[in-house]
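Undergrad: Sharing a structure, written as structure tokens. Questions coming.
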Amino acid sequence: MIHPFLVLEWLAEQVNLHLGPHVLYAWLVMIILIALSFVATRKITEIPSGLQNFMEAVVETLENFMEENMGPKGRKYFPLIGTLALFILTCNLIALAPSAFPPTANPNTNAAMALTVFAATHYIGFREHGLSYLKHFTGPMPALAPLMFPIEVIGHIARPVSLTLRLFGNMYGHEIVLMIFLMLVPLFGPLPMMFMGILVAFIQTFVFTLLTTIYIAGALEEAH
């Protein structure tokens with residue numbers, strides 16, 4: 004436990020609901036995103052303003068990012084990658100709120116997302132290429148297939164592990180440092196780390212989103 008007191012965990016205990024803080028705050032993040040989406044799309048206007056304008060800018064930025072890295076085919080995978088990006092960013096930023104715990108500082112949350120990316124990548128690969136997708140694992144020459152296949156399999160298995168641990172390590176480490184500063188200098192000590200936390204939140208979201216985009220783009224490519 005990093006935080007001495009987590010408000011959602013305390014509220015859950017009052018109703019005899021015993022869940023990990025990463026689950027409780029993941030639910031909170033989902034509620035926040037659903038509420039924002041509902042409010043932004045409740046009264047769509049041709050000339051957007053306010054929250055609708057902000058959300059459209061976010062969606063357009065993500066779509067352009069995906070098209071630049073995946074080409075026109077990338078647009079159809081926006082629901083998956085865009086949802087992951089918004090969820091991870093909100094989870095990371097919620098760490099800046101008092102008595103809040105970022106779900107991404109728990110490896111279970113990150114592993115669930117990483118395994119989803121892993122499963123989606125290979126599902127997309129087989130759907131796009133059929134059994135020919137296996138050529139991605141055999142290397143450029145048939146003679147090298149016995150050597151390359153186990154290497155490629157290990158490399159692909161390492162992807163969700165890498166996605167999980169990278170995000171977990173950075174967010175958990177930031178939480179520990181923030182708590183240390185809070186205990187040493189209770190009033191203004193955490194402020195520099197909070198500004199750093201905003202930077203970390205965006206960087207880690209970008210890294211996870213970029214790697215997910217690269218993995219799916221690789222599954223879409225023809226094997227050579």
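The numbering of the sequence shown is my numbering, which starts it at 4 and goes up by one.
Beta carbons: idealized from backbone N, C-alpha and C, even for Gly.
#1: Compare the Cα-Cα distances from Met3 to each of Ala220, Ala100, His139 and Phe140 and report the closest residue.
#2: Counting Cβ pairs, one atom from each stretch, are 3 or more of them under 8 Å apart for the region 11-30 and the region 105-112?
#3: Can you tell me whether DSSP reads Leu223 as helix, strand or coil?
#4: Grab me the residues of Pro260's own chain with a C-beta within less than 8 Å of its C-beta, minus the 5 sequence neighbours each way, in chain order.
#5: Confirm, please, whether the CB-CB distance from Leu36 to Leu89 is below 9 Å.
#6: With respect to the alpha helix (DSSP H) encompassing Tyr28, which residues constitute its N-terminal and C-terminal limits?
#7: Looking at the structure shown, is Pro153 part of a helix, part of a strand, or coil, going by DSSP?
#8: By Cβ distance, which residues of its chain are closer than 8 Å to Asn72, with the 5 residues on each side in sequence left out?
#9: With DSSP as the reference, label Met58 as helix, strand or coil.
#10: Can you list, in chain order, the stretches of the alpha helix (DSSP H) that have 4 or more residues and sit fully within the region 57-137?
#11: Does Gln207 pass the burial test, meaning 16 or more other C-beta atoms within 10 Å, or should it be called exposed?
#12: Rounding to the nearest angstrom, what Cα-Cα distance links Leu96 and Arg45 in this structure?
#13: Assuming Leu11 is part of the alpha helix (DSSP H), what are its boundary residues?
#14: Going straight from the alpha carbon of Leu166 to that of Phe211, what length do you get?
#15: With DSSP collapsed to three states, give me the class of Leu20.
#16: Nearest to Ala204 by alpha carbon, out of Pro153, Ala98 and Ala123?
#17: Would you tell me roughly how many angstroms separate the C-alpha atoms of Met4 and Val180, rounded to the nearest one?
TA: Well, looking at it:
#1: The requested residue 3 does not occur in the structure, where the chain is confined to residues 4 to 227.
#2: yes
#3: helix
#4: Outside the modelled stretch of the chain, which goes from 4 to 227, sits residue 260, for which no answer is possible.
#5: yes
#6: Pro24 to Arg45
#7: helix
#8: Leu213, Thr216, Ile217 and Ala220
#9: helix
#10: 81-96 and 110-132
#11: buried
#12: 25 Å
#13: Val10 to Gln17
#14: 7 Å
#15: coil
#16: Ala98
#17: Bear in mind that the predicted position of Met4 carries a pLDDT of just 49, short of 50, making it too unreliable to give a figure here.
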